[in-house]
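Q: Numbering (the UniProt record's numbering), first residue to last: 1 to 386. Beta carbons: idealized from backbone N, C-alpha and C, even for Gly. Note that the structure is predicted; figures quoted are calculated from it, not measured.
1) Thinking C-beta only, is residue 244 closer than 9 angstroms to residue 12?
2) Can you tell me whether DSSP reads residue 222 as helix, strand or coil?
3) Using a Cβ-Cβ cutoff of less than 6 angstroms, which residues in the same chain neighbour residue 106 once the five nearest sequence positions on both sides are dropped?
4) Would residue 382 pass as a contact of residue 249 if the rule is Cβ separation under 9 angstroms?
5) Quick check on residue 132: does DSSP put it in helix, strand or coil?
6) Helix, strand or coil: which one does DSSP assign to residue 253?
7) Taking residue 45 as part of the beta strand (DSSP E), name the residues at either end of that continuous run.
8) Could you tell me whether the Cβ atoms of residue 70 and residue 61 are closer together than 9 angstroms?
9) Measure the Cβ-Cβ separation of residue 120 and residue 159 and say whether it is below 9 angstroms.
10) Quick one, which of 84, 225, 379 and 273 has its alpha-carbon nearest residue 259's?
11) With DSSP collapsed to three states, give me the class of residue 283.
12) Which residue wins for smallest C-alpha separation from residue 273, given the options 206, 110 and 336?
13) Does the count of Cβ pairs from the segment 195-211 and the segment 282-301 closer than 8 angstroms reach three?
14) Under 9 angstroms between the Cβ atoms of residue 59 and residue 241?
15) Only counting the same chain, and skipping five residues up and downstream in sequence, which positions put a Cβ closer than 8 angstroms to that of residue 329?
16) By DSSP, does residue 166 sit in helix, in strand, or in coil?
17) Buried or exposed, going by whether 16 or more other CB atoms sit within 10 Å of the CB of residue 284?
18) Out of 153, 64, 144 and 35, which one is the CA nearest neighbour of residue 247?
19) DSSP beta-bridge partners for residue 26?
20) In whole angstroms, what is the alpha-carbon distance linking residue 49 and residue 332?
21) Check residue 188 in the structure and name its three-state DSSP category.
22) Tell me the DSSP secondary structure of residue 19 in three-state form.
23) How many angstroms separate the CA atom of residue 365 from the CA atom of residue 358?
24) How big is the Cα-Cα spacing for residue 124 and residue 9?
25) Under 7 angstroms Cβ to Cβ from residue 20, same chain only, skipping five residues before and after it: list those, please.
26) For a minimum of 4 consecutive residues, which ranges assigned as the alpha helix (DSSP H) are wholly contained in the segment 139-183?
27) Which ranges does the beta strand (DSSP E) cover as unbroken runs of at least 3 residues, wholly within the segment 37-109, from first to last along the chain?
28) Looking at the secondary structure, which residues open and close the beta strand (DSSP E) in which residue 268 lies?
29) Among the residues of its own chain, which have a CB less than 7 angstroms from the CB of residue 181, if the five just before and after it don't count?
30) Quick check on this structure: which residue in 291, 24, 118 and 99 has the alpha carbon closest to the alpha carbon of residue 77?
31) CB-CB under 8 angstroms to residue 90, same chain, minus the five flanking residues each way: which ones, in chain order?
32) So residue 233 is in the beta strand (DSSP E); what residue range does that whole segment cover?
33) Where does the unbroken beta strand (DSSP E) through residue 296 begin, and where does it stop?
34) DSSP state of residue 341, grouped into three classes?
35) Can you name the start and end residues of the beta strand (DSSP E) that residue 347 belongs to?
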């Protein structure tokens, strides 16, 4: 039947499934290949993973007078938990930005000035210029929120400095489609300023595990034994919000469960104070350094760069791939000054911003970029836990 055939028909009664039965299937970002199809139940997706959305968290939780704006992938599991938050703690107005194009964003936010704003990290990065050309759009924002991918300090600083709210903050939630939110970090203007000039990005510290909901440990990839705090290893998560399965890939799902703990495939460090630092995806690891940190430092030191991705390519130093604003190119002297105290890097490769292959959540597809530029998908990481 067509939609026209159904017009005017009686609405059938709801038939909710059991709390532990499959309810919804959404896809992952797919940064390393074909996205996986993640199966969640009402209990895992609403009962557990939406808890952070409905909890009253100082500075971040929605207030009755808020104008909440969001530009995320609405086919992603994040949209389910976001919607739960709006229903549980309804704002004065919810603004859905279905298009991240800067011109569209300006038109929409000019009419609906947000007090909280959420977007994918690379969308915020795309909007950075708006903080200079249209700062009035963000002056009422008291809380910026990001998830999906690493956020860079330069981006956080640009938006926090534009807000006229005295106590404006940036909340970064780190997690995965399979397990929901794992940790939460809050950055203030002061914290971001204190991190300026450092070789380690303050935003790689993604905070502490969500109390009651999640537990985190870091283990040796070979022995599976926990490593000491301050040492890097695979990040493992234990939560009741873990997905039920990968649709059609049960073996792949089971292979990522290690003695009841979920293997995230991320390399990280548990700090001495209990926080969690994310260094890289295991598949994207660069021996002896962190690609995320290098990217943040280069973006900080090269304001003309609109995107920086550092690729690990066997047989050569880490390769920085950049796009710059306009047709200015990259000044060799500025490049030498920006990289003088960094680990050895290969010659930079310049491409247009539009030529970075991206997922539906705006993450850069590094394997495809590596293959396109260098004709190989070989990397330093194994990719066994993607």
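A: Reading it off the structure:
1) Position 12 of the chain shown, counting from 1, holds the residue named residue 12. Position 244 of the chain shown, counting from 1, holds the residue named residue 244. Contact: no.
2) To locate residue 222, count along the chain shown from 1; it is residue 222. Note: residue 222 maps to coil in three-state DSSP.
3) Taking the first residue of the chain shown as position 1, residue 106 is located at position 106. 134.
4) Here residue 382 is taken as the residue at index 382 of the chain shown, counted from 1. Here residue 249 is taken as the residue at index 249 of the chain shown, counted from 1. With respect to residue 249, residue 382 sits apart: the two C-beta atoms are not nearer than 9 angstroms.
5) Residue mapping note: residue 132 aligns to position 132 of the chain shown, counting from 1. DSSP places residue 132 in helix when its eight states are reduced to three.
6) The residue labelled residue 253 in the question sits at position 253 within the chain shown. If DSSP states are grouped into helix, strand and coil, residue 253 belongs with the helices.
7) Position 45 of the chain shown, counted from the first residue, corresponds to residue 45. From DSSP, residue 45 is part of no beta strand (DSSP E); its letter is neither H nor E.
8) The count along the chain shown starts at 1 and reaches residue 70 at position 70. The count along the chain shown starts at 1 and reaches residue 61 at position 61. Contact flag unset, no.
9) Within the chain shown, residue 120 is the residue found at index 120, counting from 1. Within the chain shown, residue 159 is the residue found at index 159, counting from 1. In this structure, residue 159 does not lie closer than 9 angstroms to residue 120 by Cβ.
10) Mapped onto the chain shown, residue 259 falls at position 259. That would be 225, whose Cα lies nearest to the Cα of residue 259.
11) If you number the chain shown from 1, residue 283 lands on position 283. Of the three classes helix, strand and coil, the one that applies to residue 283 here is helix, per DSSP.
12) Translated into positions along the chain shown, residue 273 becomes position 273. Answer by Cα proximity: 206.
13) Three or more Cβ pairs closer than 8 angstroms define a contact, and the segment 195-211 meets that threshold against the segment 282-301.
14) If you number the chain shown from 1, residue 59 lands on position 59. If you number the chain shown from 1, residue 241 lands on position 241. Contact annotation: residue 59 and residue 241 have beta-carbon atoms that are not nearer than 9 angstroms.
15) Against the chain shown, residue 329 aligns to sequence position 329. For residue 329, where only same-chain residues beyond five positions count, the Cβ hits under 8 angstroms are 350.
16) By one-based count along the chain shown, residue 166 stands at place 166. Secondary structure of residue 166 (DSSP, three-state): coil.
17) Position 284 of the chain shown holds residue 284. By the 10 Å Cβ count, residue 284 comes out buried.
18) For the purposes of this step, residue 247 is identified with residue 247 of the chain shown, where counting begins at 1. When only C-alpha atoms are compared, the closest one is 35.
19) On the chain shown, position 26 is the one that residue 26 refers to. Residue 26 is bridged to 38.
20) As a position in the chain shown, residue 49 is number 49, starting the count at 1. As a position in the chain shown, residue 332 is number 332, starting the count at 1. Roughly 47 angstroms between the two C-alpha positions.
21) Residue mapping note: residue 188 aligns to position 188 of the chain shown, counting from 1. Residue 188 sits in a strand when the DSSP states are folded into three classes.
22) What you label residue 19 is simply residue 19 of the chain shown in a count that begins at 1. Residue 19 falls in the coil class under three-state DSSP.
23) Along the chain shown, one-based indexing puts residue 365 at 365. Along the chain shown, one-based indexing puts residue 358 at 358. For residue 365 and residue 358, the distance between alpha carbons rounds to 5 angstroms.
24) On the chain shown, residue 124 is found 124 positions in, with the first residue counted as 1. On the chain shown, residue 9 is found 9 positions in, with the first residue counted as 1. Cα to Cα, the separation comes out at about 43 angstroms.
25) What you label residue 20 is simply residue 20 of the chain shown in a count that begins at 1. The beta carbon of residue 20 sits closer than 7 angstroms to those of 41 and 43, all from its chain and outside the five residues before and after it, given in chain order.
26) Qualifying alpha helix (DSSP H) stretches, in chain order: 153-162.
27) Those beta strand (DSSP E) runs which fall completely within the segment 37-109 and span 3+ residues are 37-40, 67-71 and 93-96.
28) The residue labelled residue 268 in the question sits at position 268 within the chain shown. Looking at the DSSP string, the run of the beta strand (DSSP E) that includes residue 268 is 261-270.
29) For the purposes of this step, residue 181 is taken as residue 181 along the chain shown, with counting starting at 1. 49, 52, 173, 175 and 210.
30) Numbered from its first residue, the chain shown carries residue 77 at position 77. Of the listed residues, the one whose Cα sits closest to residue 77 is 24.
31) Counting from 1 along the chain shown, the entry for residue 90 is found at position 90. Correct list, in chain order: 62 and 64.
32) On the chain shown, residue 233 is found 233 positions in, with the first residue counted as 1. Unbroken beta strand (DSSP E) run through residue 233: 232-239.
33) Walking along the chain shown from the start, residue 296 turns up at place 296. Boundaries for residue 296: no beta strand (DSSP E) harbours it, while the alpha helix (DSSP H) harbouring it runs 291-301, taken from the DSSP string.
34) To locate residue 341, count along the chain shown from 1; it is residue 341. Coil, per DSSP.
35) Residue numbering aside, residue 347 sits at position 347 when the chain shown is read from its first letter. Run containing residue 347: none; DSSP gives neither H nor E here.
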